[in-house]
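Student:
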Amino acid sequence: MSRSMLFPGIAFGVHPGLQHTEPAALQEVWRLVERLGFDWISVFDHLYAANGTSDADCLESIAMHTLLAATTQRVRCGCLVYVPSYRHPAILAKAAATMDIISGGRITLGLGAGWHRREYEAFGLPYESRPRRIRQMQEALRCVDALLNGAGPATVNGEFFRLDQARCEPRPVQSRLPLWVGGGGEQLTLRVAAEADGWNVAFVPPEVFRHKKAVLAGHCDERGRSVSEITCSVNIGLAWNEDDLLEQFGRNAEQSRAAVLHGSVQQMRDLIGAYVDAGADQINVAVRPRKGRGHRLDGFARLADVLGLVPLLSPSLEGVR
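Residue numbers (UniProt numbering): 1 to 321.
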């Protein structure tokens, strides 16, 4: 349930990166974010830092997703997004079921096709063509759905994965554990997203989000379902000043600006409003600590104020633990 007084009905999340940080520091962030009234916290799935380079300073996602589930009490705990090329979907489903028990029923599982080629090469994983990776993601989605949400043992004889009367027990707490798909490819990825419970796309401006949601709606129509059955979400950036924008996005600062909260408080709220008007059900703010720095805790309190969130308690930056 949204705790925003300015944007009722819209869920707001924080998507802190797992690079250049430590578990204890992230726990501090997560606890504060939950107390500030956000609805969602998610991790990403990378083997290297998510900056397209050979920077390998990055925590592992299943371990951190589990820690997130154990550290928080109220927020939904998501991953945007797990890459099926990195682990068999049956192993992921087993981990997700356990996480759901730990969290008391607050896990959302996102799947994507992967993009960071250096990760694949460094860890000896084949970097297949994009259409093949998307087919693999679709097959993984169906495997995970059968294991977590199916009525009985799962059997799959697919192009990429096999299951033979596989059972995932103990069962998740949720009667249906939500499965999301991440990405914006209109002919392939969004067609897979039409099978899911949620869809997430990152760093697109509101008008592009509107268009892609319309494409998703068309794929849903082909399947005989409504796009309203799918939680449609977007990840956007955050920059408190021009220097911050340039430091985070470098040569891509100008092209990223349309999908980054920046400027005055009113300008930030106007951008949020544009995403709401474009059909976003959930808006996640992606923040990544740079090398040698942690997350600025006061920035999360400022962000909560921009969004009009009602905190659970009067949050203090002292003694967050």
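C-beta: ideal position from N, C-alpha, C; glycine also. Predicted model, so just to flag it, every value in this text is computed and none were measured.
Within the continuous beta strand (DSSP E) that includes residue 311, where are the two ends?
Tutor: Neither: residue 311 is in no beta strand (DSSP E) and is coded neither H nor E.
Student: With 16 other CB atoms within 10 Å as the buried threshold, where does residue 281 fall?
Tutor: buried
Student: Residues in its own chain within less than 7 Å of residue 269 by CB, not counting five upstream and five downstream?
Tutor: 6, 306
Student: In angstroms, rounded to a whole number, what distance separates the CA positions of residue 168 and residue 245?
Tutor: 44 Å
Student: Please classify residue 200: is it buried, with 16 or more other beta-carbons within 10 angstroms of its beta-carbon, or exposed?
Tutor: buried
Student: Quick one: Cα of residue 213 to Cα of residue 251, how far?
Tutor: 28 Å
Student: Any chance the region 113-123 sits against the region 146-159, with 3 or more Cβ pairs inside 8 Å?
Tutor: no
Student: Apart from the five residues just before and just after residue 196, which ones in its own chain have a Cβ nearer than 6 Å to its Cβ?
Tutor: 179, 180, 181
Student: Please return the same chain residues whose Cβ sits closer than 8 Å to the Cβ of residue 240, not counting the five positions on each side in sequence.
Tutor: Hits under 8 Å: 262, 299, 302.
Student: Can you list, in chain order, the residues of its chain whose CB lies under 6 Å from that of residue 56, leaving out five sequence neighbours each side?
Tutor: 48
Student: Write down every uninterrupted run of the alpha helix (DSSP H) in the region 4-89 whose length is 4 residues or greater and which is fully enclosed by it, in chain order.
Tutor: 23-35, 61-71
Student: In whole angstroms, give me the CA-to-CA distance for residue 31 and residue 157.
Tutor: 42 Å
Student: For residue 123, count the other beta carbons within 10 Å of its own beta carbon; 16 or more makes it buried, fewer makes it exposed. Which is it?
Tutor: exposed
Student: Runs of 3 residues minimum, wholly inside the region 170-223: which ones carry the beta strand (DSSP E) assignment?
Tutor: 179-182, 198-202
Student: Taking 8 Å as the cut-off, decide whether the C-beta atoms of residue 100 and residue 107 are in contact.
Tutor: yes
Student: Per DSSP, which one or two residues make a beta bridge with residue 266?
Tutor: Residue 266 is not bridged to any residue.
Student: Which residue's Cα is closest to the Cα of residue 96: 24, 121, 109?
Tutor: 109
Student: Excluding five sequence neighbours on each side, which residues of the same chain lie with their C-beta closer than 7 Å to the C-beta of residue 43?
Tutor: When the five nearest sequence neighbours on each side are left out, the beta carbons in the same chain lying within less than 7 Å of the beta carbon of residue 43 are those of 18, 61, 64, 65, 68, 79, in order along the chain.
Student: Beta-carbon within less than 6 Å of residue 105's beta-carbon, same chain only, minus the 5 sequence neighbours each way: which residues are those?
Tutor: 173, 174
Student: Among residues of its own chain, excluding the 5 on either side of residue 186, which ones have a beta-carbon nearer than 8 Å to its beta-carbon?
Tutor: 212, 215
Student: Following the continuous beta strand (DSSP E) through residue 232, name the residue where it begins and the one where it ends.
Tutor: 231-238
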